[in-house]
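Shown next, in structure tokens, is the structure this report addresses.
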Amino acid sequence: MYILKPVTINKIWGGKKLLDYGGNKAISKIGLIYSVSCEKNNSNEILNGNFKGQTLLNVWNSNKNKFGYSKFDKFPLIISFIDAHEDLSLQVHPDDEYAIKNKISSFGKEESWVFLDTLENQKIILGCAINSIETIKKNIKENKWEDILNYLPVKKMDYVNVKPGTLHALTSGSLVYEIQQATDITYRFYDYNRITKEGKKRELHLSKALEVLKPKSKSKPISFKENKIIKEKYYSLQLTTLNNNIIHNKNNVFACYTVIDGTLIIENVLVTKGMSFILMPKEKCSALGKAKLIMSYPN
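My numbering runs 6 ahead of the 1-based position in the sequence shown.
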């Protein structure tokens, strides 16, 4: 098993909520914490065992056969926490077909959110209110962005799946657990004309965003209930509570366990809110303490 150290990322729209999830206090606007990441520049450090001090990426590259996953050469998932202190930019991600055809990646990007906290009457942007690409282009030219957007009400512990091709954005007040395919292919559709600390507007990718946009693609929130497995195309996830339990990964593939509330002690390591650990196929471990976790694994 591997216990992982979170990686803290500064974002223009970030805030302070992720300090409670292991965020680095030296970072002023914490937008993102990578709880499980094998990405080259943001791979987690391992905190236990024979590989202590190494990155998850190094361990994956040298011991890939132990993870029980062979569909893609790359580690398949990224798990993170997001604090949307301000509205996030409107984005859209490509599907597998587009990513492969354009030689960008072996797969596109599907992601899902579990809302850990929301404002009263919170609404996020998910999908388009207009089904015609030509009408959407016309509205963009006329600067009628609001007419394009579909708003979706969400509340605490709602689960929302974001399919490739779906226009989406978290809005101010959203605190989420996010699971996604391990790729950073993101086409920014609109960013509210915000200015970075360098005094520049962030780059938009409007033409590519429109290429991959599926205006009819939408989703509805469902209640994320304990012990109910949600199975998407590329990953499955389940909410569970531990109370001085033996944890057993019964799957034939590795599983990630991410703490969303409470504290555990595993192999003399304190595992707090925002942290994750990975169990290999059929592996067991004992955990002291009580915590709510999201268990996830690739399909």
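No residue lacks a Cβ here, since even glycine has one placed at the ideal position from N, Cα and C.
Item, Value
"W66: first and last residue of the uninterrupted beta strand (DSSP E) it sits in", "Careful: W66 lies outside any beta strand (DSSP E), inside the alpha helix (DSSP H) at 62-69."
"Any alpha helix (DSSP H) of 4 or more consecutive residues that is wholly inside the region 188-272", "212-218"
"From Q60, G55, N54, N56, residue whose alpha carbon lies closest to that of N48", "Q60"
"Integer Cβ distance of G28 from G280, believed to fall under 8 Å", "4 Å"
"Contact the region 83-98 vs the region 34-49: 3+ CB pairs below 8 Å", "yes"
"Stretch-stretch touch, CB-based, cutoff 8 Å, three pairs: the region 139-146 with the region 92-112", "no"
"From K109, A175, K220, residue whose alpha carbon lies closest to that of I130", "A175"
"The region 262-270 / the region 208-221 touching (three or more Cβ pairs under 8 Å)", "no"
"Euclidean distance between Cα positions of V168 and K224", "8 Å"
"Inter-stretch contact at 8 Å, needing at least 3 Cβ pairs: the region 152-160 / the region 119-136", "yes"
"Own chain partners of L122 with C-beta closer than 8 Å, once the 5 adjacent residues on each side are dropped", "F87, K162, M163, L181, V182, Y183, I266"
"Same chain, Cβ closer than 7 Å to H254, five either side skipped, listed in chain order", "K290"
"D26, buried or exposed, once every other Cβ within 10 Å from all chains shown has been counted against 16", "exposed"
"Extent of the continuous beta strand (DSSP E) run through A297", "294-304"
"Distance, Q186 Cα to F230 Cα", "17 Å"
"G29 beta carbon near the ligand COA (any heavy atom closer than 7 Å)", "Looking for the ligand COA in the displayed structure turns up nothing, as the structure carries no ligands at all."
"Which residues DSSP lists as bridging K290, in chain order", "H254"
"Alpha-carbon to alpha-carbon, N137 and C262", "37 Å"
"Burial state of E126, where buried means 16 or more other Cβ atoms lie within 10 Å", "exposed"
"Integer-rounded CB distance, given that K35 should sit under 8 Å from N16", "6 Å"
"Cβ-based burial, D197 [other Cβ within 10 Å; buried from 16]", "buried"
"Endpoints, the beta strand (DSSP E) within which T14 is located", "13-21"
"Extent of the continuous beta strand (DSSP E) run through I130", "129-134"
"Those runs of the alpha helix (DSSP H) which lie wholly inside the region 31-113 and span at least 4 residues", "62-69, 102-107"
"Opposing strand residues paired with Y183 [DSSP bridges]", "F87, V120"
"Best match in G171, T202, G205 for proximity to I191 [C-alpha to C-alpha]", "G171"
"As assigned by DSSP and simplified to three states, the class of N156", "strand"
"Where N145 sits in the DSSP three-state scheme", "helix"
"Residues bridged to N167 [DSSP beta-bridge criterion]", "S118"
"Endpoints, the beta strand (DSSP E) within which L125 is located", "L125 -> no beta strand (DSSP E), and no H or E assigned at all."
"Assigned secondary structure, L10 (DSSP; H/G/I helix, E/B strand, else coil)", "strand"
"Through-space distance from S302 to L243, alpha-carbon basis", "4 Å"
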